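These protein sequence lines map, in sequence, to chains E and Z.
Under my numbering, think of the first position of the first sequence as 1, with each following residue one higher.
Under my numbering, think of the first position of the second sequence as 1001, with each following residue one higher.
One structure is given below, encoded as structure tokens.
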Amino acid sequence: MIASTAVCEAEAAGLQPVPAKTAAAAVAVPETIQVVSSRLGTYEVPRDKVLTLERGLVGLPAARRFVVVDHRPGSPFRWLLCLDDPELAFVVADPVEVVPGYAPPLAEAASALGCVPEEVAVMVLVTIPRDPREVSVNLLAPVAIDLSRRSGCQLVLEGSRLDPAHRLARPQD
Amino acid sequence: MGMLVLTRRVGERVHIGEDVTVRVLAIRGAAVSLGFAAPASVAVVREEIVDAVRTENRRAALARPEELVGVDAWFGEGSEG
């Protein structure tokens, strides 16, 4: 789960059904869209789950619309699928879950996104080399999301000296 | 878009668009110290950092579901949530 109370509340709140006495009585159903991934297949996701990165990712400016889908319940790893390119997919993780002592750059992200720190969620792109034990995460350029607007950017933390290929340690090691 | 070449002395500034300025702060030997003033929404990043991120993004984009299964298993091995 992305570490943020805002997203937990939003997920828990679900949908508000329209009261039955209105003339066009109907239960509000989320509009869903189809997301096709050449790697993972087809998903049906609520339209309001779509994240928009206005400038795309570094080196991929046309990759602007994404959704996050689960890999396995309970896994810290999820998939970031690109709606604009079915061939494009990334493994992502909440860095707070996989990097002990990680302090999310909420202030920098809020500044870059034009929102308040409370609305920020941060995820990192995961690189899986040939040996899966060398799995790493890009701490230098996390993906920061403004949860209220479902917009975001890949935030390059220039000057931070953080590692774009930070090797993960297993929690029990 | 071609390259605009300007010559500046220490202390002099260049304006880029409405919101960005660059100032030459110091010249020490072969190195120029530059000061950037830009809104937080504009990323100012050294090229080698951009290259490093672009390269890592490309590597990350190669991840396959079967590889994630292995990573997920390895990561969770021995620790019961």
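Even glycine gets a Cβ: it sits at the ideal position worked out from N, Cα and C.
Quick caveat, the model's predicted, so the values are computed rather than measured.
Its chain contains Val67 as the residues whose beta carbon lies nearer than 7 angstroms to that of lysine 49 (chain E), once the 5 sequence neighbours on both sides are disregarded; these appear in chain order. Within the DSSP bridge table, the entry for arginine 1028 (chain Z) names Z:Ala1031 as partners.
For the region 1023-1046 of chain Z, the set of positions with a beta-carbon nearer than 8 angstroms to some beta-carbon of chain E reads Ala1040, Ser1041, Ala1043, Val1044, Val1045 and Arg1046 in chain order. The continuous beta strand (DSSP E) containing isoleucine 1016 (chain Z) extends over residues 1013-1016.
Of the other Cβ atoms in all chains shown, fewer than 16 fall within 10 Å of the Cβ of alanine 169 (chain E); this residue is therefore exposed. Rounded to the nearest angstrom, the gap between the Cα atoms of alanine 89 (chain E) and arginine 39 (chain E) is 8 angstroms. Short of 7 angstroms from the beta carbon of valine 91 (chain E), and not among the five residues preceding or following it, lie these beta carbons of its own chain, in chain order: Phe77, Trp79, Val126 and Ile128. Annotation: Cβ neighbours of isoleucine 1049 (chain Z) in chain E (cutoff 8 angstroms, chain order): Leu140, Val156 and Glu158. Taking the CA atoms as reference points, threonine 52 (chain E) sits about 44 angstroms from glycine 1029 (chain Z).
Under the Cβ criterion (8 angstroms, minimum of three pairs), the region 142-157 of chain E counts as touching the region 118-125 of chain E. Between the alpha carbons of valine 45 (chain E) and alanine 63 (chain E) lies a distance of about 18 angstroms.
Residues of chain E whose Cβ lies closer than 9 angstroms to the Cβ of valine 1053 (chain Z) are, in chain order, Leu57, Val58, Gly59, Asn138, Leu140, Ala141, Gln154, Val156 and Pro164.
Taking the beta carbon of alanine 112 (chain E) as reference, the chain Z residues within 8 angstroms of it are Ala1040, Ser1041 and Ala1043, listed in sequence order. Counting along the chain, glycine 1070 (chain Z) sits inside the alpha helix (DSSP H) bounded by residues 1065-1076. In its chain, beyond the 5 residues on either side, Val156, Leu157, Ser160, Leu162, Asp163 and Pro164 have a beta carbon closer than 8 angstroms to the beta carbon of leucine 140 (chain E).
Around glutamate 97 (chain E), the same chain offers Pro76 as residues with beta carbons nearer than 6 angstroms, after the five sequence neighbours per side are excluded. When secondary structure is reduced to three states using DSSP, leucine 113 (chain E) falls in the helix class. Each residue's CA atom was taken as its position, placing aspartate 1019 (chain Z) and proline 86 (chain E) some 36 angstroms apart.
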